[in-house]
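Engineer:
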Amino acid sequence: MDPEDLLSGNEHPAIPYHQEILVRDDFWQKQQEEWMAAGGFEQFLCLIKEAFLDGTLTEDHFRSLTGAMSDGWMIKWHAHRFSDDTLSRCADALRDVILPLGYTLYMSDLREFLRGDYVETIERHYLKPALVIKEGLADQLYGNILIEHRLIDRASYDLRMVVQYYHDQNFAFPQPFVKLLNTLCRSVM
Numbered sequence: 000m001d002p003e004d005l006l007s008g009n010e011h012p013a014i015p016y017h018q019e020i021l022v023r024d025d026f027w028q029k030q031q032e033e034w035m036a037a038g039g040f041e042q043f044l045c046l047i048k049e050a051f052l053d054g055t056l057t058e059d060h061f062r063s064l065t066g067a068m069s070d071g072w073m074i075k076w077h078a079h080r081f082s083d084d085t086l087s088r089c090a091d092a093l094r095d096v097i098l099p100l101g102y103t104l105y106m107s108d109l110r111e112f113l114r115g116d117y118v119e120t121i122e123r124h125y126l127k128p129a130l131v132i133k134e135g136l137a138d139q140l141y142g143n144i145l146i147e148h149r150l151i152d153r154a155s156y157d158l159r160m161v162v163q164y165y166h167d168q169n170f171a172f173p174q175p176f177v178k179l180l181n182t183l184c185r186s187v188m
């Protein structure tokens with residue numbers, strides 16, 4: 000169903016009108032490999048390093064997301080920085096680089112929501128640490144990791160990576176978020 004046809008219907012902000020498992024076809028995968036080989040992800044990680052580790056990149060479209068039990072960042076799509084599909088490619092690359100760090104892919108999906116006069120699409124990867132018990136506690140590594148690429152009317156809007164962790168007697172303390180960022184930046188540089 001075309002989103003334009005749905006705009007006249009009822010909308011519920013928490014319920015997607017469309018949801019599916021996020022699967023990339025062979026053509027996408029081949030382009031992803033070429034993009035990675037051409038240094039696309041490395042360039043993106045340089046921006047992450049400058050914005051969130053070095054503090055030398057202070058443009059408005061880079062935001063730190065910090066809460067009581069979470070850490071993360073958000074990057075808004077900006078034409079002078081990214082091509083149309085860069086944030087989707089970065090989301091997939093982040094997933095692929097984080098998985099070997101002891102994570103499992105819990106879910107990858109695509110959800111579409113009606114938001115007044117526009118359609119919001121969210122491509123999401125949710126990663127959880129593999130269950131490892133150390134000294135009687137579950138090792139949460141860095142925490143649960145959510146990678147979300149949001150699109151507005153099918154155009155890239157932002158990319159978020161948020162790490163959520165537990166503070167209770169069943170879990171070991173998480174590793175610092177900054178250590179994850181450093182590990183990601185070293186992964187391809």
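Residue numbers for the sequence shown follow numbering that gives the first Met the number 0, beginning at 0 and rising by one. No residue lacks a Cβ here, since even glycine has one placed at the ideal position from N, Cα and C.
Below 8 Å on the Cβ atoms is my contact criterion, and I expect residue 73 with residue 157 to pass it. Report the Cβ-Cβ distance as a whole number of Å.
Structural biologist: Here residue 73 is taken as the residue at index 74 of the sequence shown, counted from 1. Here residue 157 is taken as the residue at index 158 of the sequence shown, counted from 1. With a Cβ gap of about 6 Å, residue 73 and residue 157 count as contacting.
Engineer: In chain order, what residues of the same chain lie with their CB nearer than 6 Å to the CB of residue 109, ignoring the 5 residues before and after it?
Structural biologist: Working through the sequence shown from its first residue, we reach residue 109 at position 110. If we look at residue 109 and ignore the five residues flanking it on each side, its Cβ neighbours are 19, 21 and 122.
Engineer: Give me the DSSP bridge partner(s) of residue 172.
Structural biologist: To locate residue 172, count along the sequence shown from 1; it is residue 173. Paired residue(s): none; residue 172 is not in a bridge.
Engineer: Would you call the CB atoms of residue 34 and residue 88 closer than 8 Å?
Structural biologist: The count along the sequence shown starts at 1 and reaches residue 34 at position 35. The count along the sequence shown starts at 1 and reaches residue 88 at position 89. Going by C-beta atoms, residue 34 is nearer than 8 Å to residue 88.
Engineer: Locate the alpha helix (DSSP H) running through residue 215, then write down its first and last residues.
Structural biologist: Because the chain in this structure spans residues 0 to 188, residue 215 falls outside the shown range and cannot be described.
Engineer: Leaving out five residues on either side along the sequence, give the residues of the same chain with a beta carbon under 8 Å from the beta carbon of residue 65.
Structural biologist: If you number the sequence shown from 1, residue 65 lands on position 66. If we look at residue 65 and ignore the five residues flanking it on each side, its Cβ neighbours are 71.
Engineer: Is the segment 76–85 close to the segment 122–133, with three or more CB pairs under 8 Å?
Structural biologist: no
Engineer: Output needed for residue 186: all residues of its chain with C-beta closer than 6 Å, excluding positions within five of it in sequence on either side, in chain order.
Structural biologist: Translated into the one-based positions of the sequence shown, residue 186 becomes position 187. Once the five neighbours on either side are set aside, the close Cβ partners of residue 186 are 96.
Engineer: Could you tell me the alpha carbon to alpha carbon distance between residue 45 and residue 31, rounded to whole angstroms?
Structural biologist: Indexing the sequence shown from 1 puts residue 45 at position 46. Indexing the sequence shown from 1 puts residue 31 at position 32. Straight-line Cα distance between these residues: approximately 18 Å.
Engineer: What's the call for residue 9, buried or exposed, on a 16-neighbour Cβ count within 10 Å?
Structural biologist: Walking along the sequence shown from the start, residue 9 turns up at place 10. Legend: pLDDT at residue 9 = 47, less than 50; position of this residue unreliable, value from coordinates given subsequently. The residue in question, residue 9, is exposed, as its Cβ has fewer than 16 Cβ neighbours within 10 Å.
Engineer: With a threshold of 7 Å on Cβ separation, who are the neighbours of residue 151 within its own chain once the five nearest residues in sequence on each side are excluded?
Structural biologist: Here residue 151 corresponds to residue number 152 of the sequence shown, with the count starting at 1. Taken in chain order, the residues that qualify are 117 and 119.
Engineer: Quick one: complete alpha helix (DSSP H) runs, 4+ long, within the segment 56–134?
Structural biologist: 85–97
Engineer: Mind the definition here: the segment 138–146 touches the segment 38–54 only if three or more C-beta pairs lie below 8 Å; say whether that holds.
Structural biologist: no
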